[in-house]
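Engineer: Quick note: to get UniProt numbering, add 12 to the position in the sequence shown (first position is 1).
From the three backbone atoms N, C-alpha and C, an ideal C-beta is built for every residue, glycine too.
Given the structure is predicted, the values throughout are model-derived calculations rather than measurements.
I am attaching a structure below and will ask some questions about it afterwards.
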Amino acid sequence: PFPQYRRLRDESPVLFDVQREAWNVFRYDDVQRVLSDHRVFSSQLGGSGGQRQGGLFASSLISTDPPRHRQLRSLVTQAFTPRAVDALGPRIAEIAEELLDRSAGAGEMDLIDDFAYPLPVIVIAELMGIPAVDRDRFRRWSDVVVSQTRAGGVPQGSGGHAEAQAEMGEYFLGMIERRRTEPGDDLISRLLAAQIEGEHLSVPELLGFCALLLVAGNETTTNLLGNAVLTFLERPHLVERLQADADALPAAVEEVLRFRSPVQSMYRIAAQDVTLSGEQIPAGSRLVAWIGSANHDERQFHDPEAFDVARTPNRHLAFGQGIHFCLGAPLARLEARIALTALLKRLPGLALQSQTALERIESSIVFGLKHLPLTWENLS
Ligand code: HEM
């Protein structure tokens, strides 16, 4: 999508799409403003908070405005601080090694199915106190949620097809009930115990947390891993450098986040009339902030089409900005660092399986590969 983005940034930086009834925003400065100015650009897509159409994400953090947003977010920030997340490092490394053990002898794997998808799911499921063995189900739901964004449609308030929604809701209700009777040292138990102004969270709010963390947070990390491996393998000198010096990885991961952003776009509603790049946008309009375009804006980044691990500063918007800044960013960064280090260390001669064409996930929000078949020197 990147060449199209450039033309749009130059010729129509704020463009109304009649079919989707949404204002598309392509330049870095405008995207940054739309994401961070929460008074003007509301995240309550349906306008009426938890009321819209019963979608599982409707009452979740990502679809609420202050003051409720602040209250809900304060309940989970502690679990996701860099310090709290660092404590998960050893377990993440163990999971990465286990997954690689399974494939190492084979000399080939699908990076997505065999590594990049299971890793973040196992981590978050353990954090939440949900059986990681159910991960195939989570994947199905997550695929449904993503497939809904295929045609570039604005989410209509539901987080997926009705059937998957119902199934997901029922599953999480069961998990919540189990934790209610048998509380543990996990996130769901903590959310059940939490109170805001003397009141417990509503069931839709609890479900919203589960759906958001388990479905939305995983897919993105999977795609970060896939995009990173693809980007590295396209540049063999970079693989060598990263294999020799793991300290270079964090900067390389940041550049992947900018260069191939796993989340390409986010939605807002104009809470009042507003002007962006000269276009007058009436109150109530839907907006699409194109993160993927902002991260390639030559007004912000020198030579944006170059993958440059030494880029400083690298103020990409891949995790958003402002009050909705990605809660899982420290976790995603740590997972990427550990997973990619293990992969580069364990699999000498890592390469793309050349005979297969790479297919991208069909979505206007999610940017990643369906599969990424790899080979390496089989030493065993
Ligand atoms: C919010 C991207 C991983 C949980 C966001 C937002 C973006 C984003 C762009 C902002 C949404 C907005 O402004 O409306 C990503 C990317 C990831 C990633 C690119 C991986 C590379 C994760 C993980 C988790 C997570 C691992 C959970 C463990 C959340 C939550 C929010 C959020 C809960 C909502 C925060 C709020 O509304 O206050 N993410 N995310 N994300 N992300 Fe992530």
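Does the beta carbon of residue 233 fall short of 6 Å from some heavy atom of the ligand HEM?
Structural biologist: yes
Engineer: What separation, rounded to the nearest whole angstrom, lies between the Cα atoms of residue 220 and residue 185?
Structural biologist: Straight-line Cα distance between these residues: approximately 11 Å.
Engineer: Just tell me which of 198, 157, 79 has its CA closest to the CA of residue 178.
Structural biologist: 157
Engineer: Could you check if residue 274 belongs to the surroundings of the ligand HEM, using beta carbon to heavy atom distance under 6 Å?
Structural biologist: yes
Engineer: Would you call residue 89 buried or exposed, if buried means 16 or more other Cβ atoms sit within 10 Å of its Cβ?
Structural biologist: exposed
Engineer: What number of angstroms, rounded off, separates the C-alpha of residue 50 from the C-alpha of residue 211?
Structural biologist: Residue 50 and residue 211 have their C-alpha atoms spaced approximately 25 Å apart.
Engineer: Taking only the alpha-carbon atoms, compute the straight-line gap between residue 108 and residue 175 and give it to the nearest angstrom.
Structural biologist: 33 Å
Engineer: Quick test of the definition: if touching needs 3 or more C-beta pairs under 8 Å, does the segment 323–338 touch the segment 266–280?
Structural biologist: Three or more Cβ pairs closer than 8 Å define a contact, and the segment 323–338 meets that threshold against the segment 266–280.
Engineer: Could you have a look at residue 45 and say whether DSSP puts it in helix, strand or coil?
Structural biologist: helix
Engineer: List the endpoints of the continuous beta strand (DSSP E) containing residue 154.
Structural biologist: Counting along the chain, residue 154 falls outside any beta strand (DSSP E), though it belongs to the alpha helix (DSSP H) covering 147–159.
Engineer: Below 6 Å, is the gap between the Cβ of residue 222 and the nearest heavy atom of the ligand HEM?
Structural biologist: no
Engineer: So does the segment 35–48 actually touch the segment 299–314, counting three or more Cβ pairs closer than 8 Å?
Structural biologist: yes
Engineer: Where does residue 248 land, buried or exposed, given buried means 16+ other C-beta within 10 angstroms?
Structural biologist: It is exposed - the Cβ of residue 248 has fewer than 16 other Cβ atoms within 10 Å.
Engineer: Just checking residue 96 against the ligand HEM - is the residue's beta carbon closer than 6 Å to any of the ligand's heavy atoms?
Structural biologist: No; taking the cut-off as 6 Å, the Cβ of residue 96 has no heavy atom of the ligand HEM nearer than that.
Engineer: How about residue 267 and residue 323: are their beta carbons less than 7 Å apart?
Structural biologist: yes
Engineer: Name the two residues that bound the continuous beta strand (DSSP E) containing residue 17.
Structural biologist: Run containing residue 17: none in the beta strand (DSSP E); it sits in the alpha helix (DSSP H), 14–23.
Engineer: With DSSP collapsed to three states, give me the class of residue 1.
Structural biologist: Because the chain spans 13 through 392 in this model, residue 1 falls outside it and cannot be assessed.
Engineer: State buried or exposed for residue 334, treating a residue as buried only when at least 16 other CB atoms are found within 10 Å of its CB.
Structural biologist: exposed
Engineer: Could you check what DSSP says for residue 230 in three-state terms: helix, strand or coil?
Structural biologist: helix
Engineer: Residue 239 and residue 133 - do their beta-carbons sit closer together than 7 Å?
Structural biologist: no
Engineer: Quick one: is the Cβ of residue 314 within less than 6 Å of any heavy atom of the ligand HEM?
Structural biologist: no
Engineer: Can you give me the start and stop residues for the alpha helix (DSSP H) that residue 385 sits inside?
Structural biologist: It is not in any alpha helix (DSSP H) - residue 385 instead sits in the beta strand (DSSP E) that spans 385–387.
Engineer: Measuring CB to CB, does residue 92 end up less than 7 Å from residue 346?
Structural biologist: no
Engineer: How about residue 52 and residue 286: are their beta carbons less than 7 Å apart?
Structural biologist: yes
Engineer: Of all Cβ atoms in chain B, is any one closer than 7 Å to the Cβ of residue 86?
Structural biologist: Included in the structure is just one protein chain, with no chain B present.
Engineer: Residues in the same chain with beta-carbon distance under 6 Å from residue 163, minus the five sequence neighbours each way, listed in chain order, please.
Structural biologist: Bear in mind that the predicted position of residue 163 carries a pLDDT of just 49, short of 50, making it unreliable; the figure below should be weighed with that in mind. So no residue of the chain qualifies.
Engineer: What's the gap between the Cα of residue 253 and the Cα of residue 261?
Structural biologist: 9 Å
Engineer: Using a Cβ-Cβ cut-off of 6 Å (strictly less than) and excluding sequence neighbours within five positions of residue 244, which residues of its own chain qualify?
Structural biologist: Correct list, in chain order: 250, 251.
Engineer: I'd like to confirm something about residue 151: is its beta-carbon nearer than 6 Å to some heavy atom of the ligand HEM, or not?
Structural biologist: no
Engineer: Anyone know if the C-beta pair for residue 35 and residue 297 falls short of 7 Å?
Structural biologist: yes
Engineer: For the putative contact between residue 353 and residue 258, defined by C-beta atoms under 8 Å, what is the C-beta separation to the nearest angstrom?
Structural biologist: 5 Å
Engineer: Beta-carbon separation of residue 256 and residue 321 under 7 Å?
Structural biologist: no
Engineer: Hey, how far is the Cα of residue 5 from the Cα of residue 312?
Structural biologist: It is not possible to answer for residue 5, since the shown part of the chain is limited to 13 through 392.
Engineer: May I ask you to check if the CB of residue 278 is nearer than 6 Å to at least one heavy atom of the ligand HEM?
Structural biologist: yes
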